[in-house]
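J.: Residue 131 in the numbering used here sits at position 137 of the sequence shown, with consecutive numbering throughout. C-beta atoms are modelled at their ideal positions from N, C-alpha and C, and glycine is treated no differently.
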Amino acid sequence: MKKSRIFTVIKCLFLAAFVICTIVISKNRYKISGFISLEESETDYEAFWDFIYNEYPFTEVCERKGADLKKIKEEGYKEIKSSSPRYSQNSYISFYAKLCEDITSRYFTGHLYPASMRDHEYGMTVSDSYFKLYDVDLMNSFYRVKPSYSVNSLIGSDARMVKVDIKIIEEGKIAYVRIDSFRKRGYAKEYIQYKKDMKKFFLDTEKYKHIIIDVSHNGGGSVECYDSDILSYNNIGRNIRQRIYFLCSKNKYTELNPSFKNNQIDIKEVPNIKNANTKKNTIALYEEDAASFQELAPGYAPPKDRRYWLLISGKTASAADRLAGLCKASGFATLVGSNTGGLGHNGRYSPIYMMLPKSGLLIKFDPLYGLNSEGYCSDEVGIAPDIYNLPGKDALETCLEEIRKLGEKTN
């Protein structure tokens, strides 16, 4: 009898333990690996979409490019509930990377994608002013495990380090340099070598009539790579500058932007404003963008009639896109190829970050809706070339054909 009673008590204890465990799991809503609960991930998700609809300036552009935002949101929510994105910081950042791909149709319009470890480290190093909006301890906790993700982009990538490929096409007359990235990562050895290579390139080709600069596969990086090491050496008797116009809404991100504080203008003053095609961005701003100047070497004097050519394509993005706009606006170089991929005309202080409130994951984005010289959204249509590719020819072949025609005219 005693044994039967003891067995019954043990069964009851096991049953009670099972019930308690079930209740705890139910309350935690499947908190996985100690990272984040379902409720927390849902809060993050709603905050992300509130940001997309109300503060991210390119929602209309993404929809015009074919994104069904309602469907993307619904499908993403199903995935959040399935628990897989919440398993670890890696799966979480990868989930949001894929979400940004879908929203921007893989063009990453307005630099919309999760901040990488490198972004986070850089932001902490320079004491990014936007970080004061957030729980920095939570942010640091997320990035402490060094999460990573892969990018599936239709524009160029700035993942590789800056490097040059130099060719002399016609001795004494035509020189070519290809630069597929402006990423310099401080003063990394690759950037130091790049500076040496570019300086030598311009010295060796001092008397050349045609300089071809190929950024048709350049996804961006640092503007210093083109300003300090390309434009400044050749800004002799030239006025390499442009005025860039932006639109935006008033929100906690734009209010911290120096241009929002100092450079607001009447929207009617924006050239070709009828082409902007946005209803959510109603405040107009501008910035002046000008090349610096430094002497390459004493007595350095390239021909006064030298022609610079910039090769561009849909993979020309971010800093390389900004270079294209500056060259076109100032007339410094003739643009050859196809429209750029954008991302370079959304403000000097872009991109910045928003933080998901429960995980600490940072989402990178541009707070300003940049316009090209024709008044169109730069991230939507890019910078148009002066000369489009000839049928069946790439940008370099088209450029060389134009140079040949110029030679015939002068002979």
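Which one of P141, K65 and I46 has the shortest CA to CA distance from S88?
T.: For the purposes of this step, residue 88 is identified with residue 94 of the sequence shown, where counting begins at 1. It is P141.
J.: State buried or exposed for Y137, treating a residue as buried only when at least 16 other CB atoms are found within 10 Å of its CB.
T.: For the purposes of this step, residue 137 is taken as residue 143 along the sequence shown, with counting starting at 1. Label assigned to Y137: buried.
J.: Based on Cα-Cα distance, which residue from L320, T328 and I306 lies nearest to N212?
T.: What you label residue 212 is simply residue 218 of the sequence shown in a count that begins at 1. Checked all of L320, T328 and I306; the closest Cα to N212 is I306.
J.: If you run the structure through DSSP and keep just helix, strand and coil, what is D388?
T.: Taking the first residue of the sequence shown as position 1, residue 388 is located at position 394. Here D388 sits in coil by DSSP.
J.: Rounded to whole angstroms, what's the CA-CA distance from M111 to K167? Just pull it up for me.
T.: The residue given as residue 111 occupies position 117 in the sequence shown. The residue given as residue 167 occupies position 173 in the sequence shown. Distance between the alpha carbons of M111 and K167 is about 45 Å.
J.: Assign G184 to one of three DSSP states: helix, strand, or coil.
T.: Here residue 184 refers to the residue found at position 190 when the sequence shown is read from its first residue. Note that residue 184 corresponds to Glu in the displayed sequence, not to Gly. E184 falls in the helix class under three-state DSSP.
J.: Could you give the C-beta distance for P79 and A91, rounded to a whole number, given that I count them as a contact under 8 Å?
T.: Your numbering for residue 79 matches position 85 in the sequence shown. Your numbering for residue 91 matches position 97 in the sequence shown. Contact doesn't hold; Cβ gap of about 11 Å is too wide.
J.: Classify S464: buried if its beta carbon has 16 or more other beta carbons within 10 angstroms, exposed otherwise.
T.: There is no way to answer for residue 464, as the model of the chain reaches only from -5 to 405.
J.: Note down, in chain order, each residue of its chain lying with its Cβ closer than 8 Å to the Cβ of H105, except the 5 sequence neighbours on either side.
T.: Translated into the one-based positions of the sequence shown, residue 105 becomes position 111. Here the set comprises S312, L337, N340, S344, P345, K358, F359 and D360.
J.: Write down every uninterrupted run of the alpha helix (DSSP H) in the segment 39 to 68 whose length is 4 residues or greater and which is fully enclosed by it, in chain order.
T.: For the segment 39 to 68, whole alpha helix (DSSP H) runs of length 4 or above, ordered along the chain, are 53 to 58.
J.: Could you check the C-alpha separation between R154 and Q187 for me, to the nearest Å?
T.: Within the sequence shown, numbered from 1, the residue matching residue 154 stands at position 160. Within the sequence shown, numbered from 1, the residue matching residue 187 stands at position 193. If you take the alpha carbons of R154 and Q187, they lie about 14 Å apart.
J.: Kindly indicate the opening and closing residues of the beta strand (DSSP E) around V158.
T.: Along the sequence shown, one-based indexing puts residue 158 at 164. Run containing V158: V158 to E164, per the beta strand (DSSP E) assignment.
J.: Is D283 helix, strand or coil by DSSP?
T.: Here residue 283 refers to the residue found at position 289 of the sequence shown. Three-state DSSP puts D283 in a strand.
J.: Quick one: is N266 buried, meaning 16 or more other Cβ sit within 10 Å of its Cβ, or exposed?
T.: The count along the sequence shown starts at 1 and reaches residue 266 at position 272. By the 10 Å Cβ count, N266 comes out exposed.
J.: So S175 and S226 are in contact, right, with Cβ under 8 Å, and what is the actual spacing, rounded?
T.: Sequence index remark: in the sequence shown, residue 175 carries index 181 (1-based). Sequence index remark: in the sequence shown, residue 226 carries index 232 (1-based). With a Cβ gap of about 19 Å, S175 and S226 do not count as contacting.
J.: Measure the C-alpha to C-alpha separation of M133 and N233 and round it to an integer number of angstroms.
T.: Locating residue 133 in the sequence shown gives position 139, where the first residue counts as 1. Locating residue 233 in the sequence shown gives position 239, where the first residue counts as 1. If I take the Cα positions, the gap works out to 43 Å.
J.: C242 lies in the beta strand (DSSP E); which residues open and close that run?
T.: If you number the sequence shown from 1, residue 242 lands on position 248. Note, C242: beta strand (DSSP E), R235 to C242.
J.: Suppose only complete runs of 3+ residues qualify. What are the beta strand (DSSP E) ranges in the segment 185 to 273, listed by chain order?
T.: Correct list: 204 to 208 and 235 to 242.
J.: Are there 16 or more other CB atoms within 10 angstroms of the CB of E374, so buried, or fewer, so exposed?
T.: Within the sequence shown, the letter at position 380 stands for residue 374. With 16 or more Cβ atoms within 10 Å of its Cβ, E374 is classed as buried.
J.: State the Cα-Cα distance for the pair N275 and I46, rounded to the nearest angstrom.
T.: If you number the sequence shown from 1, residue 275 lands on position 281. If you number the sequence shown from 1, residue 46 lands on position 52. Each residue's alpha carbon lies about 13 Å from the other.
J.: Which word fits G335, buried or exposed, when buried means at least 16 other C-beta atoms lie within 10 angstroms of its C-beta?
T.: One-based indexing of the sequence shown puts residue 335 at position 341. Per the 10 Å Cβ criterion, buried.
J.: Going by the beta-carbon positions, is the gap between A96 and L350 smaller than 9 Å?
T.: Start at 1 with the first residue of the sequence shown, and residue 96 comes out as number 102. Start at 1 with the first residue of the sequence shown, and residue 350 comes out as number 356. The identity of residue 96 in the sequence shown is Asp, whereas the question assumes Ala. No, the Cβ-Cβ distance between D96 and L350 is not below 9 Å.
J.: Look up F29 in the DSSP assignment and say whether it is helix, strand or coil.
T.: Within the sequence shown, numbered from 1, the residue matching residue 29 stands at position 35. Coil.
J.: I277 by DSSP, collapsed to three states: which one?
T.: Taking the first residue of the sequence shown as 1, we reach residue 277 at position 283. I277: strand per DSSP, three-state reduction.
J.: Could you compute how far the alpha carbon of I173 sits from the alpha carbon of E115?
T.: Numbered from its first residue, the sequence shown carries residue 173 at position 179. Numbered from its first residue, the sequence shown carries residue 115 at position 121. Spanning the two alpha carbons is a distance of roughly 26 Å.
J.: Under the rule that 16 or more other beta-carbon atoms within 10 Å means buried, what is V130, buried or exposed?
T.: Residue mapping note: residue 130 aligns to position 136 of the sequence shown, counting from 1. That one is exposed.
J.: Taking the beta carbon of R177 as the centre, do at least 16 other beta carbons fall within 10 Å, making it buried, or is it exposed?
T.: Residue 177 sits at position 183 when you count from the first residue of the sequence shown. Burial call: buried.
J.: For the putative contact between L32 and K59, defined by C-beta atoms under 8 Å, what is the C-beta separation to the nearest angstrom?
T.: Along the sequence shown, one-based indexing puts residue 32 at 38. Along the sequence shown, one-based indexing puts residue 59 at 65. Their Cβ separation, rounded to whole angstroms, is 32 Å, which puts L32 and K59 out of contact at 8 Å.
J.: Nearest CA to the CA of D296: which residue from N228, I163 and S253?
T.: Locating residue 296 in the sequence shown gives position 302, where the first residue counts as 1. For clarity, residue 296 is Pro in the given sequence; the question names Asp instead. Per the Cα distances, N228.
J.: If you draw a straight line from the C-alpha of Y81 to the C-alpha of L365, how long is it?
T.: For this step, residue 81 is matched to residue 87 along the sequence shown. For this step, residue 365 is matched to residue 371 along the sequence shown. Roughly 40 Å between the two C-alpha positions.
J.: When DSSP builds the beta bridges, which residues end up paired with S111?
T.: As a working note, residue 111 is residue 117 in the sequence shown. Note on residue identity: the sequence assigns Met, not Ser, to residue 111. According to DSSP, M111 bridges with nothing at all.
J.: Which same chain residues end up closer than 6 Å to I205 when comparing Cβ atoms and leaving out the 5 residues on each side of it in sequence?
T.: Translated into the one-based positions of the sequence shown, residue 205 becomes position 211. Result list for I205: A169 and Y302, in chain order.
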